[in-house]
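Keeping their order, the protein sequence lines are chains A and B.
Each residue of the first sequence is one higher than the one before, starting from 1 at the first, in full-length UniProt numbering.
Each residue of the second sequence is one higher than the one before, starting from 1 at the first, in full-length UniProt numbering.
No residue lacks a Cβ here, since even glycine has one placed at the ideal position from N, Cα and C.
Protein chains: 2
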Amino acid sequence: MTTQAEYLKNYDPRLFPSPLVTVDSVLFTVHGGKLCVLLAKRANHPFLDQWGLPGGFIDLQHDASTQATAERKLREKTGVVPPYLAQLASFSGPERDPRGWSLTTVYFALIAHADCQPHIIDVSDVAWVPLDSLQTQQLAFDHQTIVEAALQRLRQKTAYSMLPVYCLPAEFTLSQLQEVIEIILSHTVQRKSLMRRFDASEMFEETGERVATGARKARLYRRKAGVDMRNFSRNLMVE
Amino acid sequence: MTTQAEYLKNYDPRLFPSPLVTVDSVLFTVHGGKLCVLLAKRANHPFLDQWGLPGGFIDLQHDASTQATAERKLREKTGVVPPYLAQLASFSGPERDPRGWSLTTVYFALIAHADCQPHIIDVSDVAWVPLDSLQTQQLAFDHQTIVEAALQRLRQKTAYSMLPVYCLPAEFTLSQLQEVIEIILSHTVQRKSLMRRFDASEMFEETGERVATGARKARLYRRKAGVDMRNFSRNLMVE
DNA sequence: GGAATAGTGTCTGTAAGACACTATTTC
DNA sequence: GAAATAGTGTCTTACAGACACTATTCC
Chain A
1 MTTQAEYLKN YDPRLFPSPL VTVDSVLFTV HGGKLCVLLA KRANHPFLDQ
51 WGLPGGFIDL QHDASTQATA ERKLREKTGV VPPYLAQLAS FSGPERDPRG
101 WSLTTVYFAL IAHADCQPHI IDVSDVAWVP LDSLQTQQLA FDHQTIVEAA
151 LQRLRQKTAY SMLPVYCLPA EFTLSQLQEV IEIILSHTVQ RKSLMRRFDA
201 SEMFEETGER VATGARKARL YRRKAGVDMR NFSRNLMVE
Chain B
1 MTTQAEYLKN YDPRLFPSPL VTVDSVLFTV HGGKLCVLLA KRANHPFLDQ
51 WGLPGGFIDL QHDASTQATA ERKLREKTGV VPPYLAQLAS FSGPERDPRG
101 WSLTTVYFAL IAHADCQPHI IDVSDVAWVP LDSLQTQQLA FDHQTIVEAA
151 LQRLRQKTAY SMLPVYCLPA EFTLSQLQEV IEIILSHTVQ RKSLMRRFDA
201 SEMFEETGER VATGARKARL YRRKAGVDMR NFSRNLMVE
């Protein structure tokens, strides 16, 4: 019979075989009329020189959680932490990494292209890749599957929340929001329905300014400080 | 410059410090008018003799995924694999396990009490605990937080799907379904609304039999083979 | 027949879809 | 004023809530 203190004193984590653990992120943005995902060219084996999701190992000394790991890795690649970052799921198995049994906890994130672009310009190993060019490209590990799962989640959430605002800069117009939503859903939405939900969400406030994106000047909005995502009890129609 | 083959030949996973990785499950059932969760009394340090979620280490030789680990561990505790088992999320950090930085991938599952009970009867280290008695009880690790997250997910899904059927035996009546839904939501639901959704889901078929649970005999239903969960585009009203 | 549970009919309420309408701005 | 985009009014539609009604079964 040992006490917990004695047990912990003698505990050696290397005695237990452990899977290889990583954290990866699917960072989306909308740019040039297309939904894009951030990819990084791998600088190490395995899958050296192939494109894959930005991610890496947990820093056990400094990371307070896998979310912290995801934030750190994204900051390394883009210079910023995206305004929306949430856990997607974990993917695991003996085959997905040639080094052996592995587990990756995946986060999915959104950012405005403009808020990220200055940092990744001229960096040849990080790129925004439109989702429709991913069909042909061969991604490292099971990252193709992961991106598809993230896309599905993004579309689901877009149907019952205002999540896509995180693809926009701090100040934005309703038309810009409508555009990113339609790009994400690959589907037009009723402007009137969008406006009703936009108001009902109580997540946004007018800046007071108006900008001319098209003909008539549009109101500028920003997210209210400290309010969290409103989930609607009905979905927008998809198909 | 090494090839990937050379790299893999020389790769030693022990060179990378790794978090402690476990898999845990939140298995729900409804029994005695209450939502219950399966707990196991810990046979090892840390938290020896305290109650916690059933789970454990991945068997790198035999488990094809963390889902397989969850299934194996639940089969060890209950003798069966529950009819519904899906990933909830992963929880991680340096503080949640006294042995050090740890990560647990958590699954949440549903089963009919009758389909499980024969196996855990007379086993003193596994028990169904009503959720309302969990407030007082001190669970191992961060398992209290995890159960709360699982409960939230269960309620969400109950609002837009027929998920609670997995708390019922293979053949069940509408009244039984209504009962488990109301227990999960802590809230009555309109029988008529439930019936409309039940029909619309196209997930079920009549067995042809009728049983007397109350006065008038009720139709028996079973899940159609091979159909998957239908998600409704509206939520049931909660509050 | 009365009590209890199973199941139906149907009206109301809410929020999305559809789409015509008005408003503002640039040319 | 024409064209284009921003924003409104309002009718329709889908489906959940409410609740009274009928049906079946046991005593």
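Annotated three-state conformation of D24/A is strand, per DSSP. With respect to the C-alpha of K77/B, the residue from L85/B, A40/B, Q87/B, F57/B having the closest C-alpha is A40/B.
Every alpha helix (DSSP H) stretch that sits fully inside the segment 145-222 of chain A and reaches 4 residues is listed by chain position as 174-185, 191-201. Taking A159/A as the centre and dropping the five residues before and after it, the same chain places the C-beta of L185, N235, L236, V238 closer than 8 Å to its C-beta, in chain order. Below the 7 Å Cβ cutoff, chain B contributes no neighbours of W128/A, its closest Cβ being approximately 27 Å away. Distance from the CA atom of A68/A to the CA atom of V23/A, rounded to whole angstroms, is 10 Å. Interface residue (Cβ-Cβ distance to chain B less than 8 Å): A112/A is not classified as such. Per DSSP, the beta bridge partners of R234/B are R234/A. When secondary structure is reduced to three states using DSSP, Y107/A falls in the strand class.
In the displayed model, H31/B falls within a strand according to three-state DSSP. Per DSSP, the continuous alpha helix (DSSP H) segment holding Q4/A begins and ends at 4-10. Within its own chain, the residues whose Cβ lies closer than 6 Å to the Cβ of V227/A, once the five positions on either side in sequence are excluded, are M203, listed in chain order. Using a Cβ-Cβ cut-off of 8 Å, H31/A does not count as an interface residue toward chain B, since no Cβ of chain B sits closer than that to its own. Only exposed fits E205/B, as fewer than 16 other CB atoms lie within 10 angstroms of its CB. Take F108/A, set aside five residues on each side of it, and the residues of its chain with a beta-carbon closer than 6 Å to its own are V26, L88, A150, in chain order. Neighbours of R234/A across chain B, judged by C-beta separation under 9 Å: S233, R234, N235. Neighbourhood of Q152/B in chain A, by CB distance below 9 Å: empty, with the nearest CB roughly 12 Å away. Only exposed fits T3/A, as fewer than 16 other CB atoms lie within 10 angstroms of its CB. Taking every protein chain shown into account, the CB of R96/B has 16 or more other CB atoms within 10 angstroms, so this residue is buried. Inter-residue distance for G93/A and L53/A is about 18 Å (C-alpha atoms, whole angstroms).
Contacts between P169/A and chain B, judged by CB atoms closer than 9 Å, are missing: the closest CB pair is about 30 Å apart. In this structure, the alpha-carbon of V189/B lies about 22 Å from that of A212/B. The continuous stretches of beta strand (DSSP E) do not include L53/A, and DSSP gives it neither H nor E. Listed by position along chain A, the residues whose Cβ is nearer than 8 Å to that of S25/B form an empty set, because the closest Cβ is around 14 Å away.
In terms of Cβ geometry, C36/B and L131/B form a close pair [threshold 8 Å]. Rounded to the nearest whole angstrom, the C-alpha separation of Y7/B and F57/A is 18 Å. Membership of L88/A in the beta strand (DSSP E) is indicated by the continuous run 84-93. With 16 or more neighbouring CB atoms inside 10 Å of its own CB, H143/B falls in the buried class.
The Cβ of T158/A sits no closer than 8 Å to any Cβ of chain B. For T207/B, the CB contacts under 6 Å within the same chain, skipping 5 residues up- and downstream, are E171, L220, R222 in chain order. The three-state secondary structure of L74/B, taken from DSSP, is helix. In the DSSP assignment, P130/A is bridged to C36/A. The beta carbon of Q117/A lies closer than 7 Å to none in the same chain, with the five residues before and after it left out.
L163/A has a beta carbon lying at 8 Å or more from every beta carbon in chain B. Within chain A, Q87 have C-beta atoms less than 7 Å from the C-beta of A89/B, given in sequence order. H45/B reaches chain A at T2, T3, Q4, E6, Y7, L8, Y11, counting residues in chain order whose Cβ is nearer than 9 Å.
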